[in-house]
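Those protein sequences? They're chains A and B, same order as listed. Count the first sequence with the working numbering and you get residues 1 to 400, in order. Count the second sequence with the working numbering and you get residues 1001 to 1400, in order.
There are 2 protein chains.
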Amino acid sequence: MSFSFRVLKKSKDTSARLGEIQTPHGIIQTPVFMPVGTVGTVKATTPRDLKELGAQIILGNTYHLYLRPGHELIKKLGGLHRFVGWDGPMLTDSGGYQVFSLGREDRQIPKETPHPKERGLFRKTKLAKISDEGVTFQSHIDGSTHFLSPEKSIEIQEALGADIIMAFDDCTAYPTTHDQTFISLNRTLDWERRSLACKKREDQSLFAIVQGGFFEDLRKKSVEEILAMEKEKFFGGIALGGLSVGEPIEKMYEMASFTANLLPIDRPRYLMGVGMPADLVTCIDLGMDMFDCVIPTRNARNGMLFTKRGPIQIKQVQYAEDPRPVEEGCTCYTCCNFSRAYLRHLHMAKEILSSILSTIHNLHYYLNLLGEIRLSIQENQFLDFKKHFFELQKEEETPC
Amino acid sequence: MSFSFRVLKKSKDTSARLGEIQTPHGIIQTPVFMPVGTVGTVKATTPRDLKELGAQIILGNTYHLYLRPGHELIKKLGGLHRFVGWDGPMLTDSGGYQVFSLGREDRQIPKETPHPKERGLFRKTKLAKISDEGVTFQSHIDGSTHFLSPEKSIEIQEALGADIIMAFDDCTAYPTTHDQTFISLNRTLDWERRSLACKKREDQSLFAIVQGGFFEDLRKKSVEEILAMEKEKFFGGIALGGLSVGEPIEKMYEMASFTANLLPIDRPRYLMGVGMPADLVTCIDLGMDMFDCVIPTRNARNGMLFTKRGPIQIKQVQYAEDPRPVEEGCTCYTCCNFSRAYLRHLHMAKEILSSILSTIHNLHYYLNLLGEIRLSIQENQFLDFKKHFFELQKEEETPC
């Protein structure tokens, strides 16, 4: 079989683990951070830059690619790998989260409305309508009406042809009542069953998604039912969904920790949409293996650059004449060749090169961080690494 | 001396010539196309991409860099080469042309006004006011008032530290009356004398600019007086200014041809701001050695991609499912890895990667064209090359 997952090393005194996922397009060493390539490009980078940066796997977004340029076109042109010029492993999400976002964002009620029941209804907007069958939504590009269901999502993902595909799920916002979350979870479980049932391609690994909001009993039910629905077909990995949706960070950690302890050890665990560097370090400690997030790329375009001492905002006037690289000692192309002063200049002048160089640096930061973490687990020093990481984040830099 | 120009080969039956300019940052083989790096970046490319593409020299714009981030800051940080991370030869313009553009663009008269005298007054706008001393203008960024003169332009260019710097000149629009052009030319000649006189750095080569609009007697006068003003100091090269300012293309060729015949053979000849690939081929035939233009980079960002059969507009629906590269046989990174369908998708989705990949292809097209031209001159086959070039431009492509 072209898929396998092995835990190579389990850290002492922590749940952190070193692993290896085999896919038809190569091996992924975990813990891994996966850059997000929403519309068929990790924004502002080329595939060769991604290779050089050490990206092992990149994401594509089913919702976006379905709308534009369309999964059938991509299939006709040889699949997503070939279309975007990336020959390494890829993962596509199911579109569930984007449809959930559509349902949230355009609702005409105050964002700070205090009534939990009201918040639970966020999804019922004109841009996305949900039923047990699936979701009817309007394109954010041209307003045209579309329908996504587990069967449709798998059909699209099979046409795209990523190595790892995701079950179609129903995501809940924070806060949502227990009653609402229960209804939503049952829908997700039904959709996961249907996702598993309709999956045809054997060169793709389907991951389940644990939902259940911020209720332990529902998270537990979610894990149990997911494992129970595996009969002839199996999930290649298990994801945690519905986190990082507006809750306090401690609640996210609590729920990730609680859920991680319920998961079988023989599957990769994918914490979806997380997060900041500190979140990755913390959640690897909790036993998570895979992460994706737009933060390094999106924040790069907004001028936020990551360093071991925490992020800097390059637009600040203190960097106007700063001849130093973003981070002393960083080996990325940006830091080896350009000063903060130059990067600030490019950012202020809104030059495309600002996005290019900042994205290279931020992805290097994330991918290098994960590399250091893997090494520390290998050497049984993850907890020391983690301690040192958080100490450095508090340090002030010597002014220029 | 760190500067020299040698004509290595003179083509038979044509004025095309092969040459070599030595500069402190390396040798430039001519004819050469120089990508434009307006604000300290050739838009949407990295210096390493430029090196890989075979760029020999890049431009910086004095006007833009003076306003942002400021020449003093760049000097403090080690000069323009170091600031932008480019260790090859560089050229800065004098700011004269940008100030001329400022004077033209914001005038509140119809663009198509037919009266030549009215057109000659275009520069007298609120954004730029000209006197014999210099030009007072307002920043296009924040409206602040500034003053540029020959002395100030040279001061800025010496702070920036490019290998080749340009005399400060007064450019005329098309059409402009003989009287107006005569006044403007005398001002330019005075400014060139002052540029030469105040130049201090010996590791920079100052180029003169021939003006005189579309009047042969004034172009002749311009060349003669430029050569006559060389006493203790010399111009390292001679540029043709005031072309490609709205005139019919045949008028541009006529005036370039007429002026080229007046120029000494022992200096590089730089046709400023030109042009389309066919213009380059034609003007090399007339004896021109150096070119710069924003067309390959700007048009790339607008979705116009160059091929041997002429440019294509990637947004056209005929390319939506086209699996071929922009140009079959092209060896650029873009053509080796991506289809027209993907490039069209990126363009329609307004992805930054669209600008990156299109810029790489267009610069490759221009730089490769110049490489082929140099080879053809070397092999005494330039006229054959030129004939073949224009035949191909007329050919239709086989539909996909």
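Heads up, the beta-carbon is just placed ideally off N, CA and C, and yes, glycines get one too.
**Asked** Using CA coordinates, which residue listed in B:1283, B:1228, B:1037 and B:1273 is at the minimum distance from residue 1250 (chain B)?
**Response** Counted from its first residue, the second sequence places residue 1250 (chain B) at position 250. Considering only alpha carbons, the answer is B:1283.
**Prompt:** residue 1076 (chain B) versus chain A: which residues are under 8 Å apart at the beta carbon?
**Reply:** By one-based count along the second sequence, residue 1076 (chain B) stands at place 76. Chain A residues near residue 1076 (chain B): 321.
**Prompt:** Hey, out of A:20, A:228, A:69 and A:35, whose CA is closest to residue 1317 (chain B)'s CA?
**Reply:** As a working note, residue 1317 (chain B) is residue 317 in the second sequence. Ranking A:20, A:228, A:69 and A:35 by Cα distance to residue 1317 (chain B) puts A:69 first.
**Request:** Below 8 Å on the Cβ atoms is my guess for residue 1011 (chain B) versus residue 1377 (chain B); work out the distance and round it to an integer in Å.
**Result:** Here residue 1011 (chain B) is taken as the residue at index 11 of the second sequence, counted from 1. Here residue 1377 (chain B) is taken as the residue at index 377 of the second sequence, counted from 1. Right, their Cβ atoms sit about 5 Å apart.
**C-beta neighbour in chain B for residue 68 (chain A), strict 8 Å** = For the purposes of this step, residue 68 (chain A) is taken as the residue at position 68 of the first sequence. Output row for residue 68 (chain A): interface = yes.
**Item:** For residue 4 (chain A), the three-state DSSP class (helix, strand or coil)
**Value:** Translated into the one-based positions of the first sequence, residue 4 (chain A) becomes position 4. If DSSP states are grouped into helix, strand and coil, residue 4 (chain A) belongs with the strands.
**Item:** Cβ shell of residue 1296 (chain B) (< 6 Å), same chain only, five flanking positions each side left out
**Value:** Position 296 of the second sequence, counted from the first residue, corresponds to residue 1296 (chain B). Counting only Cβ-Cβ distances below 6 Å, and skipping sequence neighbours, we find 1362, 1363 and 1366.
**Request:** Thinking residue 1268 (chain B) and residue 1310 (chain B) are a contact (beta carbons under 8 Å), I'd like their distance in whole angstroms, please.
**Result:** Counting from 1 along the second sequence, the entry for residue 1268 (chain B) is found at position 268. Counting from 1 along the second sequence, the entry for residue 1310 (chain B) is found at position 310. About 29 Å; that fails the 8 Å criterion.
**Per DSSP, the bridge partner or partners of residue 92 (chain A)** = If you number the first sequence from 1, residue 92 (chain A) lands on position 92. According to DSSP, residue 92 (chain A) bridges with A:60 and A:165.
**Item:** residue 1324 (chain B) - DSSP class collapsed to helix/strand/coil
**Value:** Position 324 of the second sequence holds residue 1324 (chain B). Residue 1324 (chain B) falls in the coil class under three-state DSSP.
**Message:** Just checking: is the beta-carbon of residue 1300 (chain B) within a distance shorter than 8 Å of some beta-carbon in chain A?
**Reply:** Along the second sequence, one-based indexing puts residue 1300 (chain B) at 300. It does not; no Cβ of chain A falls within 8 Å.
**Item:** Straight-line gap, residue 1331 (chain B) to residue 39 (chain A) (C-alpha atoms, nearest Å)
**Value:** Along the second sequence, read from residue 1 onward, the residue named residue 1331 (chain B) stands at position 331. Along the first sequence, read from residue 1 onward, the residue named residue 39 (chain A) stands at position 39. Each residue's alpha carbon lies about 26 Å from the other.
**Request:** With a threshold of 16 other CB atoms inside 10 Å of the CB of residue 35 (chain A), please say whether the residue is buried or exposed.
**Result:** Working through the first sequence from its first residue, we reach residue 35 (chain A) at position 35. The residue in question, residue 35 (chain A), is buried, as its Cβ has 16 or more Cβ neighbours within 10 Å.
**Item:** Limits of the beta strand (DSSP E) - the one that residue 1129 (chain B) falls within
**Value:** In the second sequence, counting from the first residue as 1, residue 1129 (chain B) sits at position 129. Segment 1128–1130, the beta strand (DSSP E) holding residue 1129 (chain B).
**Request:** Using a threshold of 8 Å, state whether the C-beta atoms of residue 1007 (chain B) and residue 1265 (chain B) are closer than that.
**Result:** Along the second sequence, read from residue 1 onward, the residue named residue 1007 (chain B) stands at position 7. Along the second sequence, read from residue 1 onward, the residue named residue 1265 (chain B) stands at position 265. In contact: residue 1007 (chain B) and residue 1265 (chain B) (Cβ atoms closer than 8 Å).
**Request:** Less than 8 Å between the CB atoms is what I'm expecting for residue 1271 (chain B) and residue 321 (chain A), so what's the real figure, rounded?
**Result:** Within the second sequence, residue 1271 (chain B) is the residue found at index 271, counting from 1. Within the first sequence, residue 321 (chain A) is the residue found at index 321, counting from 1. Not a contact, Cβ separation roughly 37 Å.
**Asked** Once you ignore the five residues that flank residue 280 (chain A) on each side, which residues in its own chain have a CB closer than 6 Å to its CB?
**Response** The residue you call residue 280 (chain A) lines up with position 280 of the first sequence. The answer, listed in chain order, is 291.
**Request:** Return the chain-ordered list of same chain residues with a C-beta closer than 7 Å to the C-beta of residue 1394 (chain B), the five sequence neighbours on each side being excluded.
**Result:** In the second sequence, the residue the question calls residue 1394 (chain B) occupies position 394. So no residue of the chain qualifies.
**Prompt:** Using the C-alpha atoms, what's the distance from residue 1129 (chain B) back to residue 1140 (chain B)?
**Reply:** Counted from its first residue, the second sequence places residue 1140 (chain B) at position 140. Counted from its first residue, the second sequence places residue 1129 (chain B) at position 129. C-alpha separation (whole angstroms): 14 Å.
**Item:** Option nearest residue 1164 (chain B) by Cα separation, candidates B:1056, B:1247, B:1300 and B:1256
**Value:** By 1-based counting over the second sequence, the position of residue 1164 (chain B) is 164. Among B:1056, B:1247, B:1300 and B:1256, the Cα nearest to that of residue 1164 (chain B) is on B:1056.
**Request:** Please name the residues in the segment 25–53 of chain A whose beta-carbon is closer than 8 Å to at least one beta-carbon of chain B, in chain order.
**Result:** 39, 40, 41, 43, 44, 45, 46, 47 and 48
**Request:** Report the option in A:229, A:230 and A:212 whose CA atom is closest to the CA atom of residue 222 (chain A).
**Result:** The count along the first sequence starts at 1 and reaches residue 222 (chain A) at position 222. It is A:212 whose Cα lies nearest to the Cα of residue 222 (chain A).
**Item:** Within-8 Å CB hit, residue 58 (chain A) to chain B
**Value:** What you label residue 58 (chain A) is simply residue 58 of the first sequence in a count that begins at 1. Chain B, which has no Cβ nearer than 8 Å to the Cβ of residue 58 (chain A), makes this no.
**Prompt:** Quick one: is residue 101 (chain A) near chain B, going by C-beta distance under 8 Å?
**Reply:** Here residue 101 (chain A) refers to the residue found at position 101 of the first sequence. No, because no Cβ of chain B sits closer than 8 Å to the Cβ of residue 101 (chain A).
**Closer than 8 Å to chain B by CB, residue 202 (chain A)** = Working through the first sequence from its first residue, we reach residue 202 (chain A) at position 202. Taking Cβ atoms only, chain B never reaches closer than 8 Å to residue 202 (chain A), which makes this a no.
**Distance CB(residue 315 (chain A))-CB(residue 329 (chain A)) smaller than 8 Å** = As a position in the first sequence, residue 315 (chain A) is number 315, starting the count at 1. As a position in the first sequence, residue 329 (chain A) is number 329, starting the count at 1. Against a cut-off of 8 Å, the Cβ pair of residue 329 (chain A) and residue 315 (chain A) comes out as no contact.
**Prompt:** Given that residue 73 (chain A) touches chain B, what residues does it touch there, using C-beta distances under 9 Å?
**Reply:** In the first sequence, counting from the first residue as 1, residue 73 (chain A) sits at position 73. The contacting residues are 1320, 1321, 1341 and 1345.
**Message:** Tell me which residues of the segment 1160–1182 of chain B have at least one Cβ-Cβ distance to chain A shorter than 7 Å, keeping chain order.
**Reply:** none
**Proximal chain A residues relative to residue 1348 (chain B), where beta-carbon distance stays under 8 Å** = In the second sequence, counting from the first residue as 1, residue 1348 (chain B) sits at position 348. Ordered by position in chain A, the residues that pass the 8 Å Cβ test against residue 1348 (chain B) are 68 and 69.
**Asked** Beta-carbon of residue 15 (chain A) versus every beta-carbon of chain B: anything under 8 Å?
**Response** Here residue 15 (chain A) refers to the residue found at position 15 of the first sequence. Answer no: the Cβ-Cβ gap between residue 15 (chain A) and chain B never drops below 8 Å.
**Message:** Taking the alpha carbon of residue 19 (chain A) as the reference point, which residue from A:206, A:288, A:148 and A:67 has its own alpha carbon closest?
**Reply:** For the purposes of this step, residue 19 (chain A) is taken as residue 19 along the first sequence, with counting starting at 1. Considering only alpha carbons, the answer is A:288.
**Request:** Enumerate in chain order the residues of its own chain whose CB-to-CB distance from residue 1325 (chain B) is below 6 Å, with the five nearest sequence positions on each side excluded.
**Result:** On the second sequence, position 325 is the one that residue 1325 (chain B) refers to. Hits under 6 Å: 1335.
**Prompt:** Going along chain A, which residues have a C-beta under 8 Å from residue 1353 (chain B)?
**Reply:** Counted from its first residue, the second sequence places residue 1353 (chain B) at position 353. 41, 43, 44, 45 and 46, listed in chain order.
**Request:** Reducing DSSP to helix, strand and coil, say where residue 1398 (chain B) ends up.
**Result:** Residue numbering aside, residue 1398 (chain B) sits at position 398 when the second sequence is read from its first letter. Three-state DSSP puts residue 1398 (chain B) in coil, outside helix and strand.
**Asked** Going by other Cβ atoms of all chains shown within 10 Å of its Cβ, with 16 needed for buried, is residue 118 (chain A) buried or exposed?
**Response** Here residue 118 (chain A) refers to the residue found at position 118 of the first sequence. In this prediction, residue 118 (chain A) has a pLDDT of 48, which is less than 50 and means its spatial position is unreliable; nothing more can be read from the coordinates.
**Request:** Verify the CB distance criterion: does residue 294 (chain A) have a CB-CB separation below 8 Å to chain B?
**Result:** Here residue 294 (chain A) refers to the residue found at position 294 when the first sequence is read from its first residue. By this cut-off, residue 294 (chain A) is not an interface position.
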